[in-house]
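A.B. asks:
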Amino acid sequence: MTERKLTGKRKLGYCSGVITESLLYNMFCTYYLVFLTDIIHMKPILAGTVSFISICWDAITDPIIGAHADQNGADKRKYMAKSLFPLVLLFIAAFFNIGTDNSVIQFIYYTAIAMLFWLAYTIYTIPYYAIVAEITQDYDERTEIRSTSSLINTAAIFLGNALPAVVPSLFAGVVISGKHIGESLGWEITAIIMCVLSLMFGIFTVKSLKGVKLIKAEAENVTGERKKIKAIFAEMLEVLKIKPFKWFAMFIVFFLIASSMIQSSFEYMIKDCVGADPEIYMVVVIVELVVVMAAFIPIVTKVAEKKDRRFSSLVFMSIMCVGLIGCKIAGVKSIAVVLIITFFMAVGMANFWTVFYSIAYDLVEVDEFAYGSRRESVITALPQFFQKFGSAIGVWTVGFVLQLAGYNKANSVQPATVAKGIENNVTILPAAFLVLSIIGVYLYPVTKDKFSKLKDELEKKKAGQEYSTDGLEKLV
9 MTERKLTGKR KLGYCSGVIT ESLLYNMFCT YYLVFLTDII HMKPILAGTV SFISICWDAI
69 TDPIIGAHAD QNGADKRKYM AKSLFPLVLL FIAAFFNIGT DNSVIQFIYY TAIAMLFWLA
129 YTIYTIPYYA IVAEITQDYD ERTEIRSTSS LINTAAIFLG NALPAVVPSL FAGVVISGKH
189 IGESLGWEIT AIIMCVLSLM FGIFTVKSLK GVKLIKAEAE NVTGERKKIK AIFAEMLEVL
249 KIKPFKWFAM FIVFFLIASS MIQSSFEYMI KDCVGADPEI YMVVVIVELV VVMAAFIPIV
309 TKVAEKKDRR FSSLVFMSIM CVGLIGCKIA GVKSIAVVLI ITFFMAVGMA NFWTVFYSIA
369 YDLVEVDEFA YGSRRESVIT ALPQFFQKFG SAIGVWTVGF VLQLAGYNKA NSVQPATVAK
429 GIENNVTILP AAFLVLSIIG VYLYPVTKDK FSKLKDELEK KKAGQEYSTD GLEKLV
């Protein structure tokens, strides 16, 4: 087992950095579609396309940023620090009402700003998550770090979802120069609050990592050259050829499609399926989501340590899938069913966000065995590529279904087809995508025992000793 390199204080400092990205990620994924349709008055299909384009752009930049952060001499802490101010300023701009009804100008502005926001987000998150693989190579410590981070993340998930449900309504009655600007002002103030918190924790995390020994930061860049785009994509293709990666990608993409469909539909589900007040019940839903996640993260961690991450994913994602199918059969007609959907989503999310990055870290050693180099950032970035791609598809699908169902914010009463479309968006459609994700997990070959054997054989290979790939054929 490798020597542990983080003290408890540094570990907590690192883990709290998840708040920086999670606050903004959750507000964007849950509310940006609502903001564009209900405040900016964009058509649902256009609003969904704004999110789709910007998140796909983010997915494309993930591996490019990752490749640059993997170069010898690259200090991941500097990437994180330099991204913080652009990140928060662009997020505020994304929730700013530009005051025009011209759909072309709206589409261009919000797409461009969202793309720039996601670029800054990538420059922070890729090094943030990749740095763990430099700090420790221990299987269980990686799980422990991600578990602690996931627990802290529940607070960020709560704030990122609860504050936008409450704060904008506090300004609903504000009138300036005869114009009702309260709702727009409320969203802008909410974004500012999020960004202040995000910036504080980002600075704290970067400072907490000061003095921690990082392999890549201390390695000499002999040529002093930056990687060319061609070389970056060549590295990406090599990583994609790692045998387990296709199953890992399948696990990520389809889970994120499912979870983002539900997450971006919460407010629509409450007001248009149930007819309840979202200002009240969004808070109830988010409290439940956070409490259930916090309760299940230690359970997921224990199962992953006792068995392995693959086993825990099969168990908890299957529970989520069966639960969503049951809710489709029952019908989404009451707050009780909304809360049941929230429970099953929380179970699946507790598992995914606890094991997701730890699984990616294990592929660093698989890659090193296959190609002889450690590419932590690329291997962290590529899963984020698939994560963002899945999220983009999920959000766009919600917008597409709303458009198809006839959703229009201007209507005091939505047609019956809207409620049915939203019901499908939070039950049977995500359940179908979860089945595909579960298949990917089932076929994923890196178990705890095989990872341990791989590490032993990798040490022999690096020492120039005779090594064996017996039992590792599906890995390398």
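The sequence shown begins at 9 in our numbering and counts up one residue at a time.
The beta carbon of each residue, even a glycine, is placed where N, CA and C say it ideally should be.
Just so we're clear, the structure is a prediction, and the values are computed from it rather than from any experiment.
Looking only at its own chain, which residues have a Cβ that is under 6 Å from the Cβ of N349, when we skip the five neighbours before and after it?
C.D. replies: Note that residue 349 is Ile in the sequence shown here, rather than Asn. Correct list, in chain order: C335, V434.
A.B. asks: Of the residues L31, I48, E243, K86, which one's Cα is nearest the Cα of A75?
C.D. replies: Minimum Cα distance to A75 is reached at E243.
A.B. asks: Please classify G168 as buried or exposed, where buried requires at least 16 neighbouring CB atoms within 10 angstroms.
C.D. replies: Looking at its Cβ environment, which holds 16 or more other Cβ atoms inside 10 Å, G168 is buried.
A.B. asks: Give the straight-line distance between the Cα atoms of A164 and I27, rounded to the nearest whole angstrom.
C.D. replies: If you take the alpha carbons of A164 and I27, they lie about 5 Å apart.
A.B. asks: Measuring CB atoms only, is the region 458-478 touching the region 435-447, in the sense that at least three cross pairs come out at less than 8 Å?
C.D. replies: No: the two stretches stay apart, fewer than three of their Cβ pairs being nearer than 8 Å.
A.B. asks: Thinking R18 and S366 are a contact (beta carbons under 8 Å), I'd like their distance in whole angstroms, please.
C.D. replies: Actually they are not in contact, since the Cβ atoms of R18 and S366 sit about 18 Å apart, beyond 8 Å.
A.B. asks: Ignoring anything shorter than 4 residues, give me the alpha helix (DSSP H) runs that lie fully in the region 249-313, in order along the chain.
C.D. replies: Entirely contained in the region 249-313, the alpha helix (DSSP H) runs reaching 4 residues are, in chain order, 253-271.
A.B. asks: Give me, in chain order, the residues of the same chain whose beta-carbon lies closer than 8 Å to that of S326; leave out the 5 immediate sequence neighbours on both sides.
C.D. replies: Correct list, in chain order: I446.
A.B. asks: Under 8 Å Cβ to Cβ from L465, same chain only, skipping five residues before and after it: list those, please.
C.D. replies: Residue 465 is actually Glu in this sequence, not Leu. The residues are F377, Y475, S476, T477, L480.
A.B. asks: Give me the residue from I134, W361, S267 with the minimum Cα distance to T38.
C.D. replies: Answer by Cα proximity: S267.
A.B. asks: Less than 8 Å separating the beta-carbons of D370 and V454?
C.D. replies: Yes, the Cβ-Cβ distance between D370 and V454 is below 8 Å.
A.B. asks: Using the rule of at least 16 other Cβ atoms within 10 Å of the residue's Cβ for burial, across every protein chain shown, is Q544 buried or exposed?
C.D. replies: Outside the displayed span of the chain (9 to 484) sits residue 544, for which this structure offers no information.
A.B. asks: Could you give the DSSP three-state label for S321: helix, strand or coil?
C.D. replies: Three-state result, S321: helix.
A.B. asks: Is DSSP giving R154 helix, strand or coil here?
C.D. replies: Helix.
A.B. asks: F352: buried (16+ other C-beta within 10 angstroms of its C-beta) or exposed?
C.D. replies: Per the 10 Å Cβ criterion, buried.
A.B. asks: Quick one: which unbroken beta strand (DSSP E) runs of 3-plus residues sit fully inside the region 20-64? Chain order, please.
C.D. replies: For the region 20-64, not a single whole beta strand (DSSP E) run of length 3 or above is found.
A.B. asks: Which residues in the same chain as G16 place their Cβ atom closer than 7 Å to its Cβ, once the five residues preceding and following it in sequence are excluded?
C.D. replies: Result list for G16: empty, nothing under 7 Å.
A.B. asks: Can you give me the C-alpha to C-alpha distance between A400 and R154, rounded to a whole angstrom?
C.D. replies: Those two C-alpha atoms are separated by around 24 Å.
A.B. asks: From M328 to R383, what distance separates their C-alpha atoms?
C.D. replies: One C-alpha to the other measures close to 33 Å.
A.B. asks: Between the beta-carbon of A358 and the beta-carbon of F393, is there less than 8 Å?
C.D. replies: Taking 8 Å as the Cβ cut-off, A358 and F393 do not qualify as a contacting pair.
A.B. asks: With D464 as the anchor, note down where its alpha helix (DSSP H) starts and where it stops.
C.D. replies: Its alpha helix (DSSP H) spans residues 456-470.
A.B. asks: Please list the terminal residues of the continuous alpha helix (DSSP H) segment that includes D146.
C.D. replies: D146 -> no alpha helix (DSSP H), and no H or E assigned at all.
A.B. asks: Measuring CA to CA, which of G194, F36, G210 is closest to F60?
C.D. replies: Residue F36 is the option with its Cα nearest to F60.
A.B. asks: May I ask which residues mark the beginning and end of the alpha helix (DSSP H) holding D375?
C.D. replies: Element bounds for D375: 343-379.
A.B. asks: Using a 10 Å radius around the Cβ and a threshold of 16 neighbouring Cβ atoms, would you call A471 buried or exposed?
C.D. replies: Classification for A471: exposed.
A.B. asks: Could you give the first and the last residue of the continuous alpha helix (DSSP H) run that contains F441?
C.D. replies: Taken as a continuous stretch (DSSP letters only), the alpha helix (DSSP H) holding F441 covers 436-451.
A.B. asks: Measuring only the C-alpha atoms, how far is V311 from S158?
C.D. replies: C-alpha separation (whole angstroms): 15 Å.
A.B. asks: Could you have a look at F104 and say whether DSSP puts it in helix, strand or coil?
C.D. replies: Three-state DSSP puts F104 in coil, outside helix and strand.
A.B. asks: With H, G and I counted as helix, E and B as strand and the rest as coil, what does DSSP make of Q79?
C.D. replies: Reduced to three states, the DSSP call for Q79 is coil.
A.B. asks: Within the continuous alpha helix (DSSP H) that includes A418, where are the two ends?
C.D. replies: Counting along the chain, A418 falls outside any alpha helix (DSSP H), and DSSP gives it neither H nor E.
A.B. asks: Counting C-beta neighbours from all protein chains within 10 Å, is the total for V230 16 or more, i.e. buried, or is it exposed?
C.D. replies: With a pLDDT of only 47 at V230, under 50, the local geometry of the prediction cannot be trusted, and the value read off the model is given with reservation. Counting Cβ neighbours within 10 Å, V230 comes out exposed, since fewer than 16 surround it.
A.B. asks: With a CB to CB cut of under 7 Å and the five nearest residues on each side skipped, what residues in its chain are close to I250?
C.D. replies: Here the set comprises L371, V374, D375, A378.
A.B. asks: At the level of alpha carbons, what is the spacing between E287 and L193?
C.D. replies: Answer to the nearest angstrom: the Cα atoms are 16 Å apart.
A.B. asks: Go ahead and label T405 buried or exposed: buried means 16 or more other beta carbons lie within 10 angstroms of its beta carbon, across all protein chains shown.
C.D. replies: Classification for T405: buried.
A.B. asks: Does the pairing of the region 169-176 with the region 411-420 give three or more beta-carbon distances under 8 Å?
C.D. replies: At 8 Å Cβ cutoff, the stretches do not touch.
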